[in-house]
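Q: Quick note, the sequence shown lines up with residues 23 to 106 if you use the working numbering. Ideal Cβ placement from N, Cα and C applies to all residues, glycine included.
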Amino acid sequence: MSWDVLQREVLAELGLTAWAPHVPGSEPPPPPDPRVLAMLAKTVGMSPQALADVGIVLPGLERLREASVKRALWPRLRGLRTHP
């Protein structure tokens, strides 16, 4: 259902919002934990900001202990290593 301008204004005055469909996975990923970002950036040899700009979705600190998460993450990080 589409809402016209008047209907949206009335809903806003009532403190409600118009229904919008939610597509799973459409929301942006949460920002990475600064501790994880700093740790992994040091491992790769780049600044935390540069690693954040690369666009790799980093897991939370507690998920880094999971073998499947490590197997998925480390090949991508190794590809980013800077060589002197």
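#1: If we count the other Cβ atoms within 10 Å of its Cβ and call it buried at 16 or more, is Ala89 buried or exposed?
#2: Would you kindly work out how many angstroms separate the C-alpha atoms of Val58 and Gln71, rounded to a whole number?
#3: Rounded to the nearest angstrom, how far is the Cβ of Leu102 from that of Met61, given a contact under 8 Å?
#4: From Pro81 to Leu38, what does the alpha carbon distance come to, in whole angstroms?
#5: Mapping DSSP to helix, strand and coil, what is Asp26?
#6: Could I get the ranges of all uninterrupted alpha helix (DSSP H) runs contained in the segment 34-71, with 4 residues as the minimum, in chain order?
#7: Ordered along the chain, which non-local residues of its own chain (more than five positions away) have a Cβ less than 8 Å from that of Leu33?
A: Taking the coordinates as given:
#1: In the sequence shown, residue 89 corresponds to position 67, counting from 1. Looking at its Cβ environment, which holds fewer than 16 other Cβ atoms inside 10 Å, Ala89 is exposed.
#2: Looking up residue 58 in the sequence shown gives position 36. Looking up residue 71 in the sequence shown gives position 49. C-alpha separation (whole angstroms): 12 Å.
#3: Locating residue 102 in the sequence shown gives position 80, where the first residue counts as 1. Locating residue 61 in the sequence shown gives position 39, where the first residue counts as 1. No, Leu102 and Met61 are not in contact; Cβ-Cβ is about 14 Å, not under 8 Å.
#4: To locate residue 81, count along the sequence shown from 1; it is residue 59. To locate residue 38, count along the sequence shown from 1; it is residue 16. C-alpha separation (whole angstroms): 34 Å.
#5: In the sequence shown, counting from the first residue as 1, residue 26 sits at position 4. Looking at Asp26 - three-state DSSP - the assignment turns out to be coil, as it is neither helix nor strand.
#6: 56-66
#7: As a first step, residue 33 is located in the sequence shown; it is residue number 11 there, counting from the start. Only Trp25, Thr39, Ala40 meet the Cβ criterion.
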